[in-house]
Amino acid sequence: MTQSYTPAVQAALHVLVVDDNHDAADTLAEVLEIMGCRTATAYDGLEGFEKAEQLRPDAIVLDLGMPRLNGYEACERIRAQPWGRELRVVAVSGWGQQDDRRRSMQAGFDAHLVKPVAPEELLALLEK
Numbered sequence: 702m703t704q705s706y707t708p709a710v711q712a713a714l715h716v717l718v719v720d721d722n723h724d725a726a727d728t729l730a731e732v733l734e735i736m737g738c739r740t741a742t743a744y745d746g747l748e749g750f751e752k753a754e755q756l757r758p759d760a761i762v763l764d765l766g767m768p769r770l771n772g773y774e775a776c777e778r779i780r781a782q783p784w785g786r787e788l789r790v791v792a793v794s795g796w797g798q799q800d801d802r803r804r805s806m807q808a809g810f811d812a813h814l815v816k817p818v819a820p821e822e823l824l825a826l827l828e829k
């Protein structure tokens, strides 16, 4: 007797997009949704941390220069939580100097992309 197996449907990647520029955050979230992700948005670092704690996304996209808690600090707080140690965290910022990239890696980011970002490149990093 042979069994028939159907591939499991992979759940959509849940991504939290955090950027103090509302248009940038909303647009990136919309693009990621078109690419098959589920998204949520936050508009400053503290709100991003709180939503990450509440929603437990698969991945987070963080801007660096934000009020209340910058992206570096938000990433450090996320990584300090048991739920935040394994998820993907990607910096997406206009800051692209070598020092900015080094600081991102020290804060715990998995990658640092400079705006504007190719959506396919970002999605590939988030899915790793």
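With our numbering applied, the sequence shown covers 702 to 829.
Quick reminder that beta carbons are idealized off the backbone N, C-alpha and C, glycines included.
- Beta-bridge annotation (DSSP): residue 717 is paired with 741, 761.
- Judged by their CB atoms, residue 795 and residue 721 are not nearer to each other than the 9 angstroms cut-off.
- For residue 770 and residue 742, the gap between their C-alpha atoms comes out near 15 angstroms.
- Considering only 797, 813, 801, 761, the residue with the shortest C-alpha distance to residue 786 is 761.
- Here the alpha carbons of residue 782 and residue 753 stand approximately 10 angstroms from one another.
- Taking all protein chains in view, the Cβ of residue 779 is crowded by 16 or more other Cβ atoms within 10 Å, so the residue is classified as buried.
- Taking all protein chains in view, the Cβ of residue 800 is surrounded by fewer than 16 other Cβ atoms within 10 Å, so the residue is classified as exposed.
- Sequence-distant Cβ neighbours of residue 777 in its own chain, meaning closer than 8 angstroms and more than five residues away, are 808, 809.
- The straight-line gap separating the alpha-carbon atoms of residue 738 and residue 805 is approximately 24 angstroms.
- Inter-residue distance for residue 744 and residue 751 is about 11 angstroms (C-alpha atoms, whole angstroms).
- Annotated three-state conformation of residue 780 is helix, per DSSP.
- Taking 9 angstroms as the cut-off, the Cβ atoms of residue 822 and residue 714 do not count as close.
- A distance below 7 angstroms between beta-carbons, with the five flanking residues on each side excluded, links residue 727 to the following residues of its chain, in chain order: 742.
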